[in-house]
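Before any comments, here is the structure.
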Amino acid sequence: MDFLIFKAPMLMVQASLDGILLGILFALIAYGMALQWGVMNIINIAQGDLVILGGYIAYTMYIAGIHPAWGVIVSPILMYFVGWGLYKLVINKVVDRDLFISILATFGIAIVFQQLMNFIFGADVVVAQSGYGTTMLFDNSVTLPNSKIFSAFVSLAYAVALVIYMKKSKLGRAIRATAQNARAAKILGVDTEKVYAATFGINAALCGIAGALISITLTLHPYVGLPYTVRSFMIVIVAGLGNLPAVAISGMGLGLFEEFADYILGTEFRIGAVFMLLVFILVYRRFKLSKKREYLK
Amino acid sequence: MNKIAKLFITFISALTLTLTSITSSFAKVEGDMIVLGSAISLTGKYSSNGVHTQNGYNMAVDRINKMGGVKVGGKSYKFEIIYYDDESNPKRAAQLAERLIKQDGVHYMLGPYSSGLTKAIAPVTEKYKIPMVEANGASRSLFTKGYKYLFAVLSPANQYLEVAIDLAVEKNGGKPVKIAQAFEQDAFSQDVRLGILDAAKRTGSKIIIDDKLPKELNDMAATLAKVKATKPDVLVVSGHTKGALTAIRQIAEMKVDVPMLAMTHCDAAKLSKQHGKNSEYALCASQWHKNLSYKDKFFGGGKKYDKDFTKEFGYAPPYQSAESSAALLVFKDAFERANSFDRDKVRDALKATDMQTFYGNIKFGPGGQNVAKPMILFQVRCKGDKCENKVVAPTKWASDKFFHPIPPWSERG
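Quick look at the structure:
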């Protein structure tokens, strides 16, 4: 236990801002997960690995001499097709099976992706440089990397764009209809197969954006995907499916929780605290849901 | 199951059986070949350093074989290595060590990459009394278990950054310093931490931040914010390549001013290449540097090794390759002194090793660690946009003066 943070108010501001900026990024990944979980009832264990793959796309651009920030446009486009292909290849075979099968399948995908990334990009830890500099607040006692601010803004912009798209577009309507009742949607002429493929593609695209942002804010390595999966899983568990504002808030909440856990419990418990919170929330949810069985499948 | 599938399975089983019986006929010495075995990480998260290790081994095998091989009993023998990919997985590494020893009949082993995997293999080689010379397991706990068949050509992990603390105290006019440290939670980094704790005790220095980073973490913002608030004299970071890269990125972005920054894995992380000027002034522990003046007759000196290695593999050798090459030189020397292939005689010869290689002097302590070679420290220095690692300690090999203190970010362009 360490209470340094309570002695220095500036540290509190720093921790809160760091947490919120990071949380917005988590929320973007979580939103993708919530979307395809809600529509297809699949918990995607490979979510974090899709994120890392997206990051490597931005990194490849950086190596080729293109500014990695363009990755937030290129990466989702490429990742959409990766997601779409993944659906056609594997996910469509497990989409109407029980949850356990899909968890196994996506777990397998995660391993394959890790090894492929290791094979293609090597096991070295890599970073892409944005050269965005730093914003200093309160007489230089709080410093925020501009790359983090940039990543929060991009995440928000994409989230807003996606909400509008889901509300207004034909595909968005179809996705929402399928999420509500796949069979009824099918009867009413929605091509659910297409909807599923598109949903998985959109999820992968969101991961691609997040990955590109991570490449300029943090570091990339083929095997660091899992913590992102766990975080987004947790955010979705807290926020529930199909509730974007809740996802955003719970994402920021998780970011804050992580930062403060780091300060108070110690860095060694930072990831552990996330897992502990997950267990706690699952137990709590079970209590609540025991009254409303119909939500559980 | 249909007929073809059955036939296929029978065929495969027959083939496997034949192969196993062939491989088990491999002995320690086949004709004029001395067969060594090594489980090494060619895939998985250690694969880049695993490949550096393998390249180091191969380079030395080629060189020794070309220069007359190993002379035992008046006859010249050549080295050959059987490799298996341990997938960066300790369990797999231990299995493969068993397989090398029991099925392939290997009687002499070369180490894998990383302390964790060496720890997994050492009990196996010990059980079968197989001498193992390893070049990439520096964890102190390897040398305190009383292993009799384990020999490491490298300095143990706790020595990595001890010198840095001494240097900090020296720069502070001999007065104790305030230390902030962040170490990953793995065998190696925690041993580096123990070294710092020892050094702090010895010099009366105080540790004001002592963070342990989870393996999955690639964000050190909280630790660095604390560093900013508490203003230590020296910041020590060790967390393999990820730790080094994350630290430099966030120190630069958060404009953390600290007079001295000491790290490990700078060259493995290609720090100066990936972060350029932001990595300037970082002080890094290294087992080896090409500018050292050690010599041997196989590779000449460090500079020559650097040149030959670059020519052969297309990249400059990190110290992981250099120390791996040195392991083969140690084996050759021991075989020749033992003048026998008897495992215990070879082991005794290894124990009595006292030699100089291009990589450094090698002499094994009671636990099997190399006690004859000091760690070196280099500092990243930049001219324009080109950054290089300059040796600054120990003074004997220092090509440049240690730059201290690091100028604040407001003065760095």
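So the protein sequences, as listed, match chains S and U.
The opening position of the first sequence corresponds to residue 9 in this note's numbering, with each subsequent residue numbered one higher.
The opening position of the second sequence corresponds to residue 126 in this note's numbering, with each subsequent residue numbered one higher.
Every residue, glycine too, gets a C-beta built ideally from N, C-alpha and C.
What residue range is occupied by the uninterrupted beta strand (DSSP E) comprising Gly485/U? 485-488
What does Tyr349/S reach in chain U if we use C-beta pairs closer than 7 Å? Here chain S covers residues 9 to 305 and nothing more, so residue 349/S does not appear.
Since Gly162/U sits in a beta bridge, which residues does DSSP pair it with? Partner(s): Ile207/U, Met234/U.
Below 9 Å on C-beta distance, what does His75/S contact in chain U? None at all; the shortest Cβ gap to chain U is about 15 Å.
Using alpha carbons as the reference points, say which of Ser411/U, Met345/U, Gln284/U, Ala394/U lies closest to Glu267/S. Met345/U
Which one of Asn214/U, Ser166/U, Gln284/U, Ala185/U has the shortest CA to CA distance from Phe424/U? Ala185/U
Quick check on the DSSP output: what are the complete beta strand (DSSP E) runs of length 3 or more inside the stretch 487-525 of chain U, in order along the chain? 501-508, 511-518
Which residue or residues does DSSP assign as beta-bridge partners of Leu338/U? Glu309/U
If I follow the unbroken beta strand (DSSP E) through Phe276/U, where does it start and stop? 275-277
Test: Ala16/S CB closer than 8 Å to a CB of chain U: yes
Output yes if chain U places a C-beta closer than 8 Å to the C-beta of Pro84/S; else output no. False, the Cβ-Cβ gap to chain U never drops below 8 Å.
So who's on the other strand from Lys331/U, going by DSSP bridges? Lys303/U
Would you identify the three-state DSSP class for Gly139/S, choosing helix, strand or coil? coil
For Lys331/U, count neighbouring C-beta atoms within 10 Å of its own C-beta (all shown protein chains included) and say buried if the count is 16 or more, exposed if not. exposed
So, helix, strand or coil for Pro281/U, using DSSP? coil
DSSP state of Lys435/U mapped onto helix, strand, coil: Residue identity differs from the one stated: residue 435/U is Thr in this sequence, not Lys. Looking at Thr435/U - three-state DSSP - the assignment turns out to be helix.
Please determine, among Ala205/S, Gly280/S, Ile71/S, Leu214/S, the residue with the shortest C-alpha to C-alpha distance to Val238/S. Gly280/S
Exposed unless 16 or more other CB atoms sit within 10 angstroms - verdict on Ser146/U: Bear in mind that the predicted position of Ser146/U carries a pLDDT of just 48, short of 50, making it unreliable; the figure below should be weighed with that in mind. It is exposed - the Cβ of Ser146/U has fewer than 16 other Cβ atoms within 10 Å.
Where the beta strand (DSSP E) through Met480/U begins and ends: 479-482
Determine whether the Cβ of Asp316/U lies closer than 8 Å to any Cβ atom of chain A. In the structure shown, chain A does not exist; the protein chains are S and U.
Closer than 7 Å, Cβ to any Cβ of chain S: which residues of the stretch 331-345 of chain U, in chain order? Within the stretch 331-345 of chain U, the qualifying residues are Asp336, Lys337, Leu338, Pro339, Glu341, Leu342, Asn343, Asp344.
Buried versus exposed, by CB contacts within 10 Å (16 or more), Gly46/S: buried
N-terminal and C-terminal residue of the alpha helix (DSSP H) that Cys215/S is part of: 200-225 is the span of the alpha helix (DSSP H), which, as asked, contains Cys215/S.
Residue range of the beta strand (DSSP E) that Val362/U falls in? 359-363
Simplified DSSP assignment, three categories, for Ala77/S: helix
Assigned exposure category for Gly199/U - 16 Cβ within 10 Å defines buried: exposed
Starting from the C-beta of Phe527/U, find all residues in its chain whose C-beta is less than 7 Å away, skip the five residues before and the five after it, and write them out in chain order. Leu292, Gln504, Val517, Ala518
Could you please tell me which residues of the stretch 364-390 of chain U, in chain order, have their CB closer than 7 Å to any CB of chain S? Thr366, Lys367, Leu370, Thr371, Arg374, Glu378, Met379, Lys380
Determine the DSSP secondary structure at Lys196/U, reduced to helix, strand or coil. strand
Assign Ala369/U to buried or exposed, taking buried as 16 or more other Cβ atoms, counted over all protein chains shown, within 10 Å of its Cβ. buried
Have a look at Gln123/S and Gly169/U and give me their C-alpha separation to the nearest angstrom. 7 Å
Is there a C-beta anywhere in chain S that falls below 8 Å from the one on Ala463/U? no
Could you check whether the Cβ of Met144/S sits closer than 8 Å to any Cβ belonging to chain U? yes
By how many angstroms is the C-alpha of Lys476/U removed from the C-alpha of Asp323/U? Looking at the two C-alpha atoms, the distance is approximately 28 Å.
Just to confirm my understanding: we take Phe14/S, look at its own chain, exclude 5 residues before and 5 after, and list those with CB closer than 8 Å. What are they? Met20
Would you please verify whether the beta carbon of Thr178/U is less than 8 Å from any beta carbon of chain S? no
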